[in-house]
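Engineer: Residue numbers (the numbering used here): 1 to 92. The beta-carbon is built from N, C-alpha and C at its ideal position, and this holds for glycine as well. Note that the structure is predicted; figures quoted are calculated from it, not measured. Take this structure first; my questions come after.
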């Protein structure tokens with residue numbers, strides 16, 4: 001974990017070997033959010049499947065999604081999105 005903005009609200013999760021980020025957590029508008037890297041083939045699927053998955057807040061909208069943790073997305077699906085993000089950055 002890392003706090004690159006020197007802001008405790010933003011926590012970055014990186015893969016140690018290549019230092020690439022796969023998740024950012026932060027509080028926004030009273031909700032905890034997680035930004036995850038997303039394969040372009042799945043980006044729009046996740047956004048259309050759940051109203052609480054949006055283009056990545058404060059990041060490249062093409063490569064990142066924001067997951068708003070408001071209870072509307074099953075935990076297994078959140079874990080899947082985080083795992084897919086991790087898999088994308090480990091390969092590089």
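Can you give the Cα-Cα distance for residue 48 and residue 55, rounded to whole angstroms?
Structural biologist: Computed Cα separation, rounded: 11 Å.
Engineer: List the endpoints of the continuous beta strand (DSSP E) containing residue 89.
Structural biologist: Where residue 89 is concerned, there is no enclosing beta strand (DSSP E), although the alpha helix (DSSP H) it sits in stretches over 75-90.
Engineer: Since residue 41 is in the alpha helix (DSSP H), which residue starts that stretch and which ends it?
Structural biologist: Run containing residue 41: 40-49, per the alpha helix (DSSP H) assignment.
Engineer: Looking only at its own chain, which residues have a Cβ that is under 8 Å from the Cβ of residue 85, when we skip the five neighbours before and after it?
Structural biologist: Excluding residues within five positions, the ones whose Cβ falls inside 8 Å are 22, 23, 36, 37 and 38.
Engineer: Going along the chain, which residues of its own chain have a beta-carbon closer than 7 Å to the beta-carbon of residue 52, five neighbours each way excluded?
Structural biologist: Hits under 7 Å: 67, 68, 70, 72 and 73.
Engineer: Can you tell me which of 10, 15, 8 and 11 puts its alpha carbon nearest to the alpha carbon of residue 87?
Structural biologist: It is 15.
Engineer: Kindly indicate the opening and closing residues of the beta strand (DSSP E) around residue 27.
Structural biologist: Start and end: 21-28.
Engineer: Does DSSP classify residue 35 as helix, strand or coil?
Structural biologist: Reduced to three states, the DSSP call for residue 35 is strand.
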